[in-house]
Amino acid sequence: MSSTPAAKIATAAEIAARRALTRATKPIPCYAVDQIPPKKGGEALYSELGTLVANNKAKLVQELEIPARDAKYWDVQQGQLFRIICSHGPQVADMNCWSLSNPKEHFYSSKTRQIHASHLTTGDRLWSNMPYLRPLCTIVHDTIAYGWDEDGAGVHDVIGSRCDPYTHHLMTEGEEFHHCCHSNLTRACIDSGSLAEEHVHDVLNVFMCTGFTHDTHQYFTKPSPVQVGDYIEFLAETDLRVAASTCPQGDVSLACGGGGEPVVYPLTVQVYEMNDKDMLKNAGWEPSQVSQYSRSHGLK
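Next comes the structure, spelled out in structure tokens:
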């Protein structure tokens with residue numbers, strides 16, 4: 001029986017050369033933007049979608065308030081717009097979303113981060129997990145549009161996970177804490193009647209300002225730049241169930257577990273329907289479809 005010969009151990013010179021090659025090579029984006037399938041209906045349509053409410057071309061069909069230190073869920077039909085609005089004071093939110101017809105399909109922060117960026121804004125899409133891998137919704141307007149500051153911080157990150165009672169229990173030697181984003185989302189899931197704790201997943205950190213320190217590369221937060229009146233708006237690319245938690249850290253100007261009492265506020269959610277029922281269809285838009293990959297994985 002043959003076997004693969006053991007690899008020759010690299011010499012010090014070869015190791016040094018390899019390290020030098022890595023340092024000298026410019027960053028290589030994992031995915032080329034031009035390989036991502038274009039938005040159905042085109043970029044002009046998506047740009048117009050972000051103006052519909054302001055131009056009285058969409059009507060409000062649902063509004064709800066997410067209380068401070070709590071979470072709510074809501075359903076959105078394909079082709080509808082929905083907003084998370086800073087309505088009372090600077091506040092961040094942890095958002096989850098699922099296919100309404102299949103709770104196994106949910107927002108996939110890791111793939112979204114790889115395709116777009118660590119922080120999202122207008123034009124970016126929230127992709128679902130494998131084996132579905134399709135856009136669940138697309139950001140059509142972001143009033144903050146923060147960009148990047150001198151510390152490398154941005155807004156609306158898909159880096160950090162939600163605060164949770166398990167980590168809190170671990171770091172406080174057994175203290176129980178139930179009004180963290182994971183628990184808030186869990187209650188919202190149970191309230192929906194079709195979801196449970198196991199369906200809570202990594203989040204879009206709406207309005208949250210974060211980055212990695214230049215020296216130790218630790219995940220950090222800054223006070224959110226969000227002000228009353230700011231919002232982020234999405235187009236539902238398929239029928240969705242969405243949930244969001246008003247983080248107990250408020251605008252995240254205080255470190256988790258670092259002492260002090262954060263100021264927290266409710267947030268408002270609005271769902272809109274387009275006045276022109278045929279606008280999307282006439283532009284060539286259609287709901288997103290799950291991946292058509294065969295799922296054979298090379299098996300015989």
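Reminder that position 292 of the sequence shown reads as 292 in full-length UniProt numbering, one-by-one numbering, no gaps.
Heads up, the beta-carbon is just placed ideally off N, CA and C, and yes, glycines get one too.
Small disclaimer: the values here were computed from a predicted structure and weren't measured.
Pull up the CB-CB distance for residue i and residue j, whole angstroms please, since I reckon it's below 8 Å.
i      : j      : result
Ala71  : Arg187 : 6 Å
Gly199 : Trp98  : With the sequence shown as reference, residue 199 is identified as His, and Gly is not the correct amino acid for it. About 7 Å separates the two Cβ atoms, so the contact holds.
Val269 : Gln80  : About 12 Å separates the two Cβ atoms, so there is no contact after all.
Pro266 : Ile66  : 6 Å
Lys57  : Asp276 : 7 Å
Asp149 : Ile139 : Not really, about 20 Å apart at Cβ, beyond 8 Å.
Rounded to whole angstroms, what's the CA-CA distance from residue i to residue j? Just pull it up for me.
i           : j      : result
Trp285      : Asp202 : 28 Å
Glu43       : Ala16  : 47 Å
Leu136      : Ala244 : 15 Å
residue 303 : Ala68  : Missing from the structure shown is residue 303; the chain here goes from 1 to 300 and no further.
Leu254      : Thr122 : 28 Å
Lys281      : Met274 : 12 Å
Cys180      : Ala283 : 42 Å
Ser192      : Trp74  : 8 Å
Tyr46       : Leu126 : 15 Å
Asp164      : Cys209 : 19 Å
Lys59       : Val53  : 7 Å
Ser118      : Pro29  : 13 Å
Short of 7 Å in beta carbon distance, which residues of its chain neighbour residue i, apart from the five on each side in sequence? Order them along the chain.
i      : result
Asp151 : Gly211
Asn205 : Val92, Asp94, His156, Asp157, Gly160
Pro287 : Gln78, Glu237, Thr238
Tyr31  : Gln114, Ile115
Pro225 : Ile144, Tyr146, Val155, Cys209
So residue i is in the beta strand (DSSP E); what residue range does that whole segment cover?
i      : result
Thr186 : Premise fails: Thr186 lies in the alpha helix (DSSP H), 181-192, not in any beta strand (DSSP E).
Leu81  : 81-85
Glu273 : 267-274
Arg241 : 240-246
Asn96  : 93-99
Ala58  : 58-66
Can you list, in chain order, the residues of its chain with a C-beta nearer than 6 Å to that of residue i? Leave out the 5 residues immediately preceding and following it.
i      : result
Asp239 : Gln77, Gln78, Leu100
Tyr231 : Arg83, Ile85, Thr143
Val290 : Tyr132, Arg134
Gly260 : Leu254
Asn184 : Asp70, Ala71, Ser245
Thr221 : Thr210, Val252
Thr51  : none
Return the first residue and the last residue of the alpha helix (DSSP H) that residue i is part of.
i      : result
Pro103 : From DSSP, Pro103 is part of no alpha helix (DSSP H) but of the beta strand (DSSP E) over 102-106.
Glu48  : 43-49
Thr210 : It is not in any alpha helix (DSSP H) - Thr210 instead sits in the beta strand (DSSP E) that spans 204-212.
Tyr166 : 165-171
Ile232 : Where Ile232 is concerned, there is no enclosing alpha helix (DSSP H), although the beta strand (DSSP E) it sits in stretches over 231-236.
Ile115 : 109-115
Arg23  : 12-24
Leu280 : 279-282
Around the Cβ of residue i, are there at least 16 other Cβ atoms within 10 angstroms (buried) or fewer (exposed)?
i           : result
Glu233      : buried
residue 305 : Because residue 305 is not part of the residues shown, which for the chain are 1 to 300, the question remains open.
Gly229      : exposed
Glu173      : exposed
Gly41       : buried
Thr11       : exposed
residue 311 : Only positions 1 to 300 of the chain appear in this structure, which leaves residue 311 out of reach.
Asn96       : buried
Glu175      : exposed
What residues in its chain sit with their C-beta under 8 Å from that of residue i, if we drop five residues either side in the sequence?
i      : result
Ser194 : Pro103, Arg241
His214 : Asp151, Gly152
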